[in-house]
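First up is the structure itself, then whatever we jot down about it.
4 protein chains.
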Amino acid sequence: MFTNTHPQNTSKDATLAKKFTAVRERTVSMCKTLSDADATAQSMPDASPAKWHLAHTSWFFEEFIIAPELGESARFNPAYAYLFNSYYDAVGPRHLRNKRGLLTRPSLEEIYAYRNHVNTHMHALIQQGKVPLDILELGLAHEEQHQELFYTDILHLFAQNPLKPAFTEFPAQPDSSAATTPPLSWTQFEPATPQIGHSGDGFAFDCETPLHPALTPAFKLANRNVTNAEWIDFIEAGGYANSKYWLSDGFATKTQNEWHAPLYWEKKDNAWWTMTLGGFAPVELDAPVCHISFYEADAYACWAGARLPTEAEWEHAAKQTGATIPSSSPPLKPLAQTGDTLTGMFENVWEWTASAFLPYPGFQINDGAIGEYNGKFMSGQMVLRGGSCGTSPAHTRSTYRNFFHPDKRWQFSGLRLAKDIT
Amino acid sequence: MFTNTHPQNTSKDATLAKKFTAVRERTVSMCKTLSDADATAQSMPDASPAKWHLAHTSWFFEEFIIAPELGESARFNPAYAYLFNSYYDAVGPRHLRNKRGLLTRPSLEEIYAYRNHVNTHMHALIQQGKVPLDILELGLAHEEQHQELFYTDILHLFAQNPLKPAFTEFPAQPDSSAATTPPLSWTQFEPATPQIGHSGDGFAFDCETPLHPALTPAFKLANRNVTNAEWIDFIEAGGYANSKYWLSDGFATKTQNEWHAPLYWEKKDNAWWTMTLGGFAPVELDAPVCHISFYEADAYACWAGARLPTEAEWEHAAKQTGATIPSSSPPLKPLAQTGDTLTGMFENVWEWTASAFLPYPGFQINDGAIGEYNGKFMSGQMVLRGGSCGTSPAHTRSTYRNFFHPDKRWQFSGLRLAKDIT
Amino acid sequence: MFTNTHPQNTSKDATLAKKFTAVRERTVSMCKTLSDADATAQSMPDASPAKWHLAHTSWFFEEFIIAPELGESARFNPAYAYLFNSYYDAVGPRHLRNKRGLLTRPSLEEIYAYRNHVNTHMHALIQQGKVPLDILELGLAHEEQHQELFYTDILHLFAQNPLKPAFTEFPAQPDSSAATTPPLSWTQFEPATPQIGHSGDGFAFDCETPLHPALTPAFKLANRNVTNAEWIDFIEAGGYANSKYWLSDGFATKTQNEWHAPLYWEKKDNAWWTMTLGGFAPVELDAPVCHISFYEADAYACWAGARLPTEAEWEHAAKQTGATIPSSSPPLKPLAQTGDTLTGMFENVWEWTASAFLPYPGFQINDGAIGEYNGKFMSGQMVLRGGSCGTSPAHTRSTYRNFFHPDKRWQFSGLRLAKDIT
Amino acid sequence: MFTNTHPQNTSKDATLAKKFTAVRERTVSMCKTLSDADATAQSMPDASPAKWHLAHTSWFFEEFIIAPELGESARFNPAYAYLFNSYYDAVGPRHLRNKRGLLTRPSLEEIYAYRNHVNTHMHALIQQGKVPLDILELGLAHEEQHQELFYTDILHLFAQNPLKPAFTEFPAQPDSSAATTPPLSWTQFEPATPQIGHSGDGFAFDCETPLHPALTPAFKLANRNVTNAEWIDFIEAGGYANSKYWLSDGFATKTQNEWHAPLYWEKKDNAWWTMTLGGFAPVELDAPVCHISFYEADAYACWAGARLPTEAEWEHAAKQTGATIPSSSPPLKPLAQTGDTLTGMFENVWEWTASAFLPYPGFQINDGAIGEYNGKFMSGQMVLRGGSCGTSPAHTRSTYRNFFHPDKRWQFSGLRLAKDIT
């Protein structure tokens, strides 16, 4: 399926070898507080157990690099090709995805042994120059995606436990106690025809291509995300009860699921608390609102007399303003934002856009199993842009298209308002 | 909610008065073969009983024109404001929509009396120049929409009956026995920046506005719809079984619902039959395939090495080629197409596009209840363009945006292929 | 399947011929206020449309008497054997039962024609002495069962209509305005070994056989049914909220379905109203409570420090006290009871017992389709004894075993308390 | 709720103290092959995680003995009263039962510490004579029940794992390779009025009381259970496909769940295999059939021209024949039976009876939380008698009433045929 080109670009080679080690080690280090049981449980069909994330990201390298190069006998355990293959759903028993949490065997220890087995083979193949760099790069980006999913899935799991255990202590942050959230302000953009999508330099997922022109009207974009304090205003103004702010599907979803606040929020002695990776804690008023669905984001924007930006507007703005992508470890909870101009576009919360996740003009699906990468998800989902408090270092970029169904709330998802200029 | 302007434009006035009579009479004449029971039953939550269509379209005029002008006492029956108000769902008991088929009272006869009551008031108000023309126009377009829904809903109901009764005899058509379906051919379009949307002349729904530029790449569009014969090729090639042609949500939907062919198709003695408004009949090989979901349309296009057009491409092509909108009564079943160039764009079947139903740049929702018209449905649905064998005369236009969820099949929905030019 | 014996007993012959006419006419006369739509709709899977009751009871005679005697060509319409065969579920498409309400054709008029066709054939066969009397008798008892189901099903249908239409006017009753409900009193019974079940004289359903001894301990039985006034006490005492009175399955069912009162009850301006065959009306405090499930009956008895009687106790008491079975038309709503001793055992409401519907010792299922009559329902259901305000004249007897699942409430079901004597 | 009587009967005291140690140790020893993850997962709502069994059985002693005697401060962790209280369902959040598998914390190790904490307190209280013996005895019987549930739940969990891991090695059995299953033979019983239920000596659950006379007709009972070989005959004769053998609810359940064989059976290379506590293994033809529902047992009996015994018949026979209750560790899989006369009544498989689980005449529910023990489950369930290959040593007796809903299959459940003598 892939032409096994022996790459000449030894500098890229060395960089990727180093990155392979770093990404693989980071995944394991993220799990260090987990017990075997923590790593096994699955809290809902959308989420996967930690063991599955650990194994599936290894399976990717085994399936697409090691087995083609070294043969089937190089696999750690032939059964794993079945157990940890996410693509499997389409071709066989379809209920397995809901039952990942029942795989108490193999144990977490065996999964770590599997990872080591894969790492050993990969290091050898990389040294021998036998690794297709494009697949290696894709595999690492794939593993970084699962790193963030790991965080959101484990948060969801721990939130189901009445003991509300803390997964971790939050990394120390620079003291921002004196900081206050700046008032909402707007950056204006003229009508334009920006080039949207990936330009060809560096790695990007298939769905970010091809580069193409898009029309953006005159619009303005908020300097920061909507905060928890503002969201509480929305709640107290009856925002969840009034259908006029809501999309029809959104209001039905909200009503059926009895949503009255973001996911994880609970009112306790008249104050809002929420579940975080550090345990159960009071809602921080200055921090960006998080764990909201597209439907809620859209309703809030409507209530606020604004709208969500399209993904072209968002990307155009991000490229214009030169916002920077964090290269260090993420803070694991949204932090209060301080800038007066466009700020925090790649941090804190993924920002729901008004755009459905659809193919760009001229988009082509590659042949083969890896070709299924993103194209098959291009219906029914909405695009989120930026990055979050759980995104892997240097993983994202201005062209990055994250996407989820409009009712999903367990991701680190929030919003930034936009407005027409008329 | 509406300024009750007394219109000056007496020519438009007269035209709309005439149209009011015509549309209202057409609705009733469409129902003439129905029994009280036929008009009461509801075959699924998506469909409405004929009585409900008859009453709800009358309620619109009563609610937005008669009651504001003549007071509540002018209503036929106060309870009807509750029973036949589709907007009601958001503010009250939410299960009613599924239970419309249990309203055996009022009877069909009473509903006709309701219609007459509304007509009498409306005629008087029109004569007195007391009718806001924009609402009148909207009410008539609304009723025309329900005319087509009536056909698709009654077809669905009769298809559930093992006796498979015929709803009607098909209108006579010009003899086309000698015609054969032309081979697939393509019309090419250069990259362009057409103005998309409603230009301001004549009536349009809110979602067709505002007029705005859009970029269309170089592309080509098929001369005709995909036919039943071609669809059978797809079935026989295993198209329904192979996940690689399908969107992920589509394959899951197909599998769960056990779709193996378009809605209503059944294999009988090795030949395909289908349910039509004229009863159970053999599938006509040369006619456009109908009653397929977006998911199936997309999978077919993928299998055929093509894609669906975007709605901007479709509208651009329709405006370029000057395709004409039928002004006579629809044939009630898709007819074989004969042209070598772009043909049948407003007839036979609504054509699924690759576009999600989203607001145009600068779209504004009007205040008030009528403001809810289309905006609240702008998530999770896909746009269909053109018109069908069940569309009311002169109802559609090149900017018309029809929309349904991607899994819906009971509409007269088919497809026309497009391709990139690279 | 049945030996077509030509009966000698001409007196029984004549009686059954007369009864055939009476029962068949009564069914039609019960429907005289129904429109075609009323007769078509199905309000829930447990209920059947009136048209279905009318047709299915005719199908019984066609299937088991006319067709065997006169051949298939004597059928009114071969398709009816499929449409109106309740046994069909086991051997074919299983969803049909839920979709009976979609059979808008055949019309009510056609169903009446079907009934006449069957009647004509039956009268001729009866005159010629060609009708197996046991099947005829079973067919008439079967039709009488459906007469009561017709009432409960049409009540359920009309209760779904927000207009809450009246099905009928109640038959005039002797003036009982001066009557007051007597206080609860008890009739005592010594330990005994009564013969339970059908003794061989007259008609009985298979499940009432064989006659067998049963042990009944010392117990006492209430003089009358629990009244609506008493039920309101139970509600106001928190009876629906306190799990300690409830069976585990019952409490779960109650909670899931949000039961807070009997079926059809609604609180309006601080008073309880209910839906009746005569329309929406205030709850009559002295009348027996009706439309309660077994779970509710059991919880009430527990709250009241009593229990439900077993069916053997009930039958023993009924035989001892010589309670009489009504032979005139039923009142169609439960009436206040006036006796100081055991009263109303065959009227007003079916009485839930503590007995599961199980085979009597030595019970045998007959061969053939009619053999399926009751045996296949002998799991998961509870026995009710007596008769109700909707039971056909002279239809019931002291050995009669009615049965429904413990969560069903749409029948005319109530309760009578029993207690151990210790 | 319990009078804290200081017991005089020091011999019973000593016996129970010894038994306390034995039962508590046995539970832990049963779990020795489990990982933390194995002990946490929950494979379906009916099943509980091993950790939950370990904790809940300890909670019983803490809740009903330690806390009343030593105060709330003697609890290991106050939150456990909430987490491990099965009675909790009725008074609070109702979904918790389905989410037991998400309690990855506390860990298995912490649960063992909890057990030790409870054991220490209990030993001290027993020594001080401060333990109500009736509650202690109930607590031990309760833990023995959970020991068997532990086996059936862990088997169900491991069966969901595509790797089909073995939970244990089977205990060695006396060589029975020469044994062959004896032909079916029958023991006859005359009509009788045996005393049924618990006589007052030794421990029994509330539902086994009071002792009361019951009538048993003449009947005969099979010498042994139905075997796997016989069940395969039933399958091959189309037993699962023919509705005439099935109860109506049973056929619907079977069809909806696509049952074609007992739970865990899979056909592999034309032979039947099944999941066992020792892993995936060929079905042993001579062994009793196991993991069947009541519906299947009843259908088999009907197909075989027999019926299931009532529980009174079963108990009468067991008492007559003096069948013995195993006092040693169970074999963990059903073993082939060899006797010519009534044999294996307390081993191998629980035997479905024809009796619904209902209160015996004069049954009283005790006050208080322990009073809820069995009474609240007395609807919708069927009685099983005897004991199984997973039952704790000496746990059962001839009056023991096990009960499950008629569709449950994950218990060690089988059948023994009975017949009327006419």
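Chains as they are written, first to last, in full-length UniProt numbering: chain H, 1 to 422; chain V, 1 to 422; chain Y, 1 to 422; chain X, 1 to 422. Think of the CB as a built atom: it goes at the ideal place given N, C-alpha and C, for glycine as much as any other residue. This structure is a prediction, so every number in the text was calculated from the model and none was measured.
Taking buried to mean at least 16 other C-beta atoms within 10 Å of its own C-beta, is residue i buried or exposed?
i, result
"VAL91(V)", "Below a pLDDT of 50, predicted positions are generally treated as unreliable, and VAL91(V), at 36, falls in that range; the measurement from the model is reported next regardless. VAL91(V) is exposed by the Cβ-count criterion."
"PRO171(X)", "exposed"
"ASP153(V)", "buried"
"ILE421(Y)", "exposed"
"HIS95(X)", "Caution applies to HIS95(X), whose pLDDT of 42 falls short of 50 and renders its modelled position unreliable; the model cannot decide the point."
"SER329(V)", "exposed"
Do the CB positions of residue i and residue j come within less than 8 angstroms of each other?
i, j, result
"MET378(X)", "PHE404(X)", "no"
"PRO210(H)", "TYR400(H)", "no"
"MET44(Y)", "HIS121(Y)", "no"
"SER107(Y)", "ASP36(Y)", "yes"
"ASP13(Y)", "GLY129(Y)", "yes"
"ALA74(V)", "ALA67(V)", "yes"
"GLY380(Y)", "PRO406(X)", "yes"
"ALA159(H)", "PRO191(H)", "no"
"ASN348(H)", "ASN223(H)", "no"
Identify the contact partners of residue i in chain X, using a Cβ-Cβ distance below 7 angstroms as the criterion.
i, result
"ASP420(Y)", "GLY362"
"ALA356(Y)", "ALA356, LEU358"
Go to residue i, then tell me how far its beta strand (DSSP E) extends in each direction, as first and last residue.
i, result
"GLN188(H)", "186-189"
"LEU221(Y)", "219-222"
"LYS419(V)", "418-420"
"TRP352(V)", "350-356"
Run down chain V in chain order and give the residues with a C-beta less than 7 angstroms from the C-beta of residue i.
i, result
"PHE377(H)", "SER248"
Using a Cβ cut-off of 9 angstroms, pull out every chain H residue sitting near residue i, in sequence order please.
i, result
"LEU215(V)", "THR193, HIS212, PRO213, ALA214, LEU215, PRO361"
"PRO406(V)", "SER379, GLY380"
Closer than 9 angstroms by beta-carbon distance: list the chain Y residues that pair up with residue i, in chain order.
i, result
"ALA79(V)", "PRO162, LEU163"
Which residue comes first and which comes last in the alpha helix (DSSP H) that contains residue i?
i, result
"THR318(V)", "It should be pointed out that residue 318(V) corresponds to Ala in this sequence rather than to Thr. First-last of the alpha helix (DSSP H) with ALA318(V): 311-321."
"ALA113(Y)", "108-127"
"PHE251(V)", "248-256"
"PHE234(X)", "228-236"
"GLU143(Y)", "133-160"
"THR57(H)", "50-61"
Given that residue i touches chain H, what residues does it touch there, using C-beta distances under 8 angstroms?
i, result
"SER86(X)", "Here the premise fails: no neighbours, minimum Cβ distance about 15 angstroms."
Determine the chain X residues that contact residue i at a beta-carbon separation under 9 angstroms, and present them in chain order.
i, result
"TYR82(H)", "PRO162"
Interface residues of chain Y around residue i at Cβ under 7 angstroms?
i, result
"LEU102(V)", "ALA41, SER43, LEU157, GLN160, ASN161"
"GLY99(V)", "Checking the sequence, you will find Lys at residue 99(V) rather than Gly. Going along chain Y in sequence order, the residues near LYS99(V) (Cβ under 7 angstroms) are GLN160."
Problem set entry | Residues of the stretch 229-247 of chain Y with Cβ closer than 8 angstroms to any Cβ of chain X, in chain order | SER243, LYS244, TRP246, LEU247
Exercise. Closer than 8 angstroms, Cβ to any Cβ of chain V: which residues of the stretch 30-50 of chain Y, in chain order?
Worked result: SER35, ASP36, ALA37, ASP38, ALA39, THR40, ALA41, SER43
For this session: Identify each residue in the stretch 147-171 of chain H for which the Cβ-Cβ distance to at least one residue of chain X is less than 9 angstroms, and report them in chain order.
Result: LEU157, PHE158, GLN160, ASN161, PRO162, LEU163, PRO165
Problem set entry | Near-chain Y residues of the stretch 104-132 of chain V (beta-carbon distance less than 8 angstroms), N- to C-terminal order | THR104, ARG105, PRO106, SER107, LEU108
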